[in-house]
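For reference, the structure discussed in these notes is given below.
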Ligand code: E4P
């Protein structure tokens, strides 16, 4: 399973990268706005700064909603850096754009996916990644994990190569459950990755080992 961090915060991206297990980054307009980045040049520069920190794919989202402008914006984003993957919303114009990008060798991440039907369409159009929003489904008392399982089954039935990028991950149990269901990638906050480290028996075990090691007189 690949680990992506879902943030535009450079310090958090560095911290995850330093852990040595980071495979990529996802951003969205809300995450970029949270960092207070304004103006086209600054936004493009910020994507470049992210690409310098991490080795893997960096999803950068278009804000256009019509085919021509999604294509224009997407091309501009991919010309920035080879690590950029164009994030396109699951709307009719977005599906057409994903097909166009796929036919022209440009990788996409289809975002805002909340149903198996949407995921099927994204794969048919040739998206490199599909992003089902697990946490947001859970928020409205719908089973987000069931959606991950349904997409896995459908993609395996037909051999679709689109990678399932479990998004809107909120905590470490989401990561573990998505791994059990065979999601290809998870994207979540740093806390969801660092939470995997923690176990009280590790802490108490280490405390005892260090206590006993005092007798070594090193
Ligand atoms: C997907 O790539 C989105 O950026 C993200 O995972 C949305 O998560 P949220 O529901 O925590 O905003």
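In the numbering used here, the protein residues as written are -10 to 207.
All C-beta atoms, glycine included, are put in the ideal place defined by N, C-alpha and C.
Small disclaimer: the values here were computed from a predicted structure and weren't measured.
CA-CA distance, residue 190 and residue 196? When rounded, the distance between both Cα atoms is 10 Å.
Through-space distance from residue 173 to residue -1, alpha-carbon basis: 24 Å
For residue 17, is the beta carbon positioned less than 7 Å from some heavy atom of the ligand E4P? yes
What do you reckon, are the CB atoms on residue 56 and residue 22 nearer than 8 Å? Their beta carbons are not under 8 Å apart, which means residue 56 does not touch residue 22 by this criterion.
Taking the runs of the beta strand (DSSP E) that are 3 residues or longer, which of them lie wholly in the segment 142 to 187? With a minimum length of 3 residues, the continuous beta strand (DSSP E) runs that stay inside the segment 142 to 187 are 152 to 155 and 174 to 177.
Excluding the 5 residues preceding and the 5 following residue 179 in the sequence, name in chain order all residues of the same chain whose CB lies nearer than 8 Å to its CB. -6, -4, 1, 4 and 5
Determine the direct distance from the alpha carbon of residue 65 to that of residue 140, and round the result to whole angstroms. 31 Å
Please classify residue 147 as buried or exposed, where buried requires at least 16 other C-beta atoms within 10 Å of its C-beta. exposed
Return yes when at least one heavy atom of the ligand E4P lies under 7 Å from the C-beta of residue -5, else no. yes
For residue 98, which residues does DSSP report across the bridge? Residue 98 pairs with 76 and 118.
Measuring CA to CA, which of 137, 193 and 194 is closest to residue 166? 137
Under 8 Å: do the segment 147 to 158 and the segment 108 to 124 share three or more Cβ pairs, one atom per stretch? Touching, yes.
Using the beta-carbon count (16 or more within 10 Å), is residue 162 buried or exposed? exposed
Closest to residue 80 by C-alpha separation, out of 134, 107 and 70, would be which residue? 107
Hey, would you say the C-beta of residue 157 is under 7 Å away from at least one heavy atom of the ligand E4P? yes
Bridge-paired residues (DSSP) for residue 83: According to DSSP, which records beta bridges pairwise, residue 83 is partnered with nothing at all.
Closest by C-alpha distance to residue 91, when choosing among 39, 63, 192 and 70: 63
Which residue from 182, 144 and 186 puts its Cα closest to that of residue 159? 182
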